[in-house]
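What follows is a set of notes on a single structure, which appears directly below.
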Amino acid sequence: MSQTEPLDQDPVFQLKGSMLAITVLELARNDLETLDRQLAAKVAQAPNFFSNAPLVLALDKLPASEGAVDLPGLMRVCRQHGLRTLAIRASRIEDIAAAIAVDLPVLPPSGARERPLDPNEGVVVKKPEKPPEPTVKPTKIITSPVRGGQQIYAQGGDLVVISSVSPGAELLADGNIHVYGPMRGRALAGVKGDWKARIFCQQMSAELLSIAGHYKVSEDLRRDPLWGSGVQVSLSGDVLNIIRL
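One point on numbering: in the UniProt record's numbering, the residue at position 136 of the sequence shown is 136, and numbering is uninterrupted.
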């Protein structure tokens with residue numbers, strides 16, 4: 001007995017059935033130039049879908065009045081757009097003969113119901129994300145005097161000082177600034193561009209007042225008739241308006 005006989009009895013392959021997803025290109029007219037243009041437009045919509053996609057050319061719906069199909073030319077057009085022809089489906093004798101000449105399998109006409117294929121089907125279009133709502137932080141409250149050289153910043157909210165603010169001190173807030181005492185330092189409200197922010201102080205004697213980058217320094221403020229009074233400061237255009245509380 002040959003040593004190879006036991007090996008020959010072990011199967012080296014199996015035949016199995018499978019439901020494969022294969023694209024069918026059903027030709028309605030024998031017009032390769034128009035097919036080339038229309039196929040290019042279709043591929044442009046979803047190039048990944050058509051890349052090396054297996055294809056069956058369905059010629060069985062061509063009217064009898066259409067002439068013989070240039071099958072090699074048809075296959076070249078499809079290949080140029082990424083489609084690889086596996087077989088044709090045909091009923092006309094000339095089409096079957098052309099397939100045999102290029103050694104291409106021939107499938108019988110299909111009686112199954114086929115639906116038009118949308119290459120974009122199943123593509124999820126992401127909706128633009130809504131920008132997150134700004135986070136409003138609690139008001140920052142300072143109860144002790146703010147000394148010269150100190151800097152206090154209320155990020156994302158308002159700043160309230162229930163005491164005096166000395167010269168050389170600096171108050172900053174993304175929102176409003178309230179000072180319930182003499183305001184002799186610098187107050188910058190809406191530092192991130194909030195032009196609706198305001199400054200309130202019981203005694204305006206400030207070195208600088210600013211809202212959203214627009215400011216007045218002490219030389220300008222001293223000329224205001226409300227210097228030393230309780231005021232409310234707001235922004236109109238690029239001008240700071242100072243009115244009595």
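Built from N, CA and C at the ideal position, the CB exists for glycine as well.
Residues of its chain near residue 123, where Cβ-Cβ distance is below 7 Å and the 5 sequence neighbours each way are ignored
Its pLDDT being 49, under 50, residue 123 is placed unreliably in this model, and the coordinates cannot settle the point.
Pick out the complete beta strand (DSSP E) segments inside the segment 159-210, 3 residues or longer, and give them in chain order.
159-161, 170-173, 177-183, 186-189 and 199-204
Using a Cβ-Cβ cut-off of 8 Å (strictly less than) and excluding sequence neighbours within five positions of residue 227, which residues of its own chain qualify?
204, 205 and 221
Three-state secondary structure (DSSP) of residue 23:
strand
Straight-line gap, residue 233 to residue 241 (C-alpha atoms, nearest Å)
6 Å
Can you tell me where the alpha helix (DSSP H) holding residue 45 begins and where it ends?
32-45
Starting from residue 89, trace the beta strand (DSSP E) in both directions and tell me its first and last residue.
83-89
Residue 244 versus residue 229: straight-line alpha-carbon distance, rounded:
7 Å
Rounded to whole angstroms, what's the CA-CA distance from residue 44 to residue 37? Just pull it up for me.
11 Å
Run the CB neighbour count on residue 272, radius 10 Å, all protein chains shown included, and call it buried at 16 or more, exposed below.
Nothing about residue 272 can be reported from this structure: the residues present for the chain run from 1 to 245 only.
Give the secondary structure of residue 244 by DSSP, where H, G and I count as helix, E and B as strand, and everything else as coil.
strand
Since residue 177 contacts residue 189 with CB under 8 Å, what's their CB separation in whole angstroms?
5 Å
Which residues in the same chain have their Cβ closer than 6 Å to the Cβ of residue 197, if we skip the five residues on either side of it in sequence?
175, 176, 189, 190 and 211
Please determine, among 94, 103, 54 and 207, the residue with the shortest C-alpha to C-alpha distance to residue 223.
207
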